[in-house]
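Chemist: This is the structure, below, for whatever I ask next.
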Amino acid sequence: MSGNGAVWGRVRSRLRAFPECLAACGAEAAAYGRCVQASTAPGGCLKKDLCAQEFEALRSCFAAAALESEPKSILARLLPTLVPPLILRFGASCLRTASF
1 MSGNGAVWGR VRSRLRAFPE CLAACGAEAA AYGRCVQAST APGGCLKKDL
51 CAQEFEALRS CFAAAALESE PKSILARLLP TLVPPLILRF GASCLRTASF
């Protein structure tokens, strides 16, 4: 069971770095959020790869920000997989109004 503490410590450090990475990529997050919001507006239809260009810019920014904050961590690989579920769950507006 002692291994669980080590895993939780790594997870906690990744979660602590997330706000810094998000703050560093505000413009990219807002652009992606606007694209998704426009696609889901009345009459819109959100389809796969519709906002791929904006998402790729956001993913690249998160990876670069994660590498700057923790060069030897795996955070750079994990953040791009965390962002889309967060945006889908909380909406793009949470990225524009978040204060860190």
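The opening position of the sequence shown corresponds to residue 1 in the UniProt record's numbering, with each subsequent residue numbered one higher.
Just so it is clear, CB atoms sit at the ideal spot from N, CA and C, and this is done for glycine as well.
This structure is a prediction, so every number in the text was calculated from the model and none was measured.
1) When burial is assigned at 16 or more other CB atoms within 10 Å of the CB, is Gly33 buried or exposed?
2) For Pro19, does the three-state DSSP call read helix, strand or coil?
3) Which residue comes first and which comes last in the alpha helix (DSSP H) that contains Gly26?
4) Have a look at Thr40 and Lys47 and give me their C-alpha separation to the nearest angstrom.
5) Does Ala23 pass the burial test, meaning 16 or more other C-beta atoms within 10 Å, or should it be called exposed?
6) Please name the residue, chosen from Cys25, Gly44, Ala17, that lies closest to Ala57 on a Cα-to-Cα basis.
7) Is Ala31 near Glu54, with beta carbons less than 8 Å apart?
8) Quick check on Ala52: buried or exposed, where buried means 16 or more other Cβ atoms within 10 Å of its Cβ?
Modeler: Taking the geometry as given:
1) buried
2) helix
3) 26-39
4) 10 Å
5) If you draw a 10 Å sphere on the C-beta of Ala23, you find fewer than 16 other C-beta atoms in it, and that means exposed.
6) Cys25
7) yes
8) exposed
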